[in-house]
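Numbered by our numbering, the letters in the sequence shown go through residues 21 to 139 in order.
Glycine included, every Cβ here is placed at the ideal spot set by N, Cα and C.
Every value quoted in this text rests on a predicted model; they were computed, and no experiment measured them.
Everything on this sheet refers to the single structure shown next.
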Amino acid sequence: MDIETLRNYCISKKGVTEEFPFDKDTLVFKVMGKMFALAPLERIPSQVNLKCDPEKAISLREEYDGIITPGFHMSKKHWNTIFLEEQLPPQLIIELIDHSYDLVVSKFTKKLKGEFDAL
């Protein structure tokens, strides 16, 4: 999956915005103001950091050794770095984006959940 396909998929999701809060090279996707994906645009090979359930994160790192690694510059327990140009099936990347998004949405406060549901 290339970075443009990843971007288009992320911004198509409900309540998502994209911004550059850290620098001009790190694209961040947020749902209702909460980060669920970060993509360093200048890094080769292309990659994305995604939030992940801790147990699932370990399992993915073992199964896709060197392709899915602990989150670069993120909490190693809750984030994975996925190398996009490797031999990962695009459907797996979509599932991991959805998993990250869903984890963030599941932690919304009652107020934020109400605003999200109203979109």
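Can you give me the start and stop residues for the alpha helix (DSSP H) that ALA77 sits inside? DSSP places ALA77 in the uninterrupted alpha helix (DSSP H) bounded by 74–83.
In terms of residue numbering, what span does the alpha helix (DSSP H) encompassing PHE136 cover? For PHE136, the uninterrupted alpha helix (DSSP H) run begins and ends at 130–137, by DSSP.
Distance between beta carbons of VAL36 and VAL51, contact taken as under 8 Å: About 5 Å separates the CB atoms of VAL51 and VAL36; that is less than 8 Å, so the two are in contact.
Which one or two residues does DSSP pair with GLU38 in a beta bridge? PHE49.
Count the other CB atoms, across all protein chains shown, that sit within 10 Å of the CB of ILE64; report buried if there are 16 or more and exposed otherwise. Counting other Cβ atoms within 10 Å of its Cβ, ILE64 stays below 16 and is therefore classed as exposed.
Which residues bound the alpha helix (DSSP H) around PRO110? Segment 110–126, the alpha helix (DSSP H) holding PRO110.
Cβ distance (whole Å) where TRP99 is taken to contact LYS71 below 8 Å: The distance from the Cβ of TRP99 to that of LYS71 is about 6 Å, consistent with a contact at the 8 Å cut-off.
Need the endpoints of the beta strand (DSSP E) that LEU70 sits in, please. 67–71 is the span of the beta strand (DSSP E), which, as asked, contains LEU70.
Inter-residue Cα distance where the pair is MET21 and ILE78: C-alpha separation (whole angstroms): 22 Å.
Give me, in chain order, the residues of the same chain whose beta-carbon lies closer than 8 Å to that of GLN6; leave out the 5 immediate sequence neighbours on both sides. In this structure the chain extends from 21 to 139, so residue 6 is not present and cannot be described.
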